[in-house]
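Numbering (this note's numbering), first residue to last: 19 to 90. Think of the CB as a built atom: it goes at the ideal place given N, C-alpha and C, for glycine as much as any other residue. Owing to the predicted nature of the structure, the values given are computational and were not obtained by experimental measurement. Take a look at the structure below.
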């Protein structure tokens, strides 16, 4: 995905920086950057619960109430 969005070429140097995010630092994201004629160009990629990496951050988990069914 970074190759497509940043128009990377095999001879370009790429830097990947990993960062944690969220209140408990359980979610992670990476910053992929390279230097081109315009200067440094980069994008953040966010890890989602399904294991995929996307360019938008995952939604925050909200508290919810539920009822557990207890078998007799």
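- When rounded, the separation of the alpha-carbon atoms in residue 32 and residue 55 is 14 Å.
- Going by DSSP, residue 21 is part of the alpha helix (DSSP H) stretching over 20-24.
- Per DSSP, the unbroken beta strand (DSSP E) holding residue 59 starts and ends at 57-65.
- Ranked by Cα distance from residue 62, the first of 77, 34 and 83 is 34.
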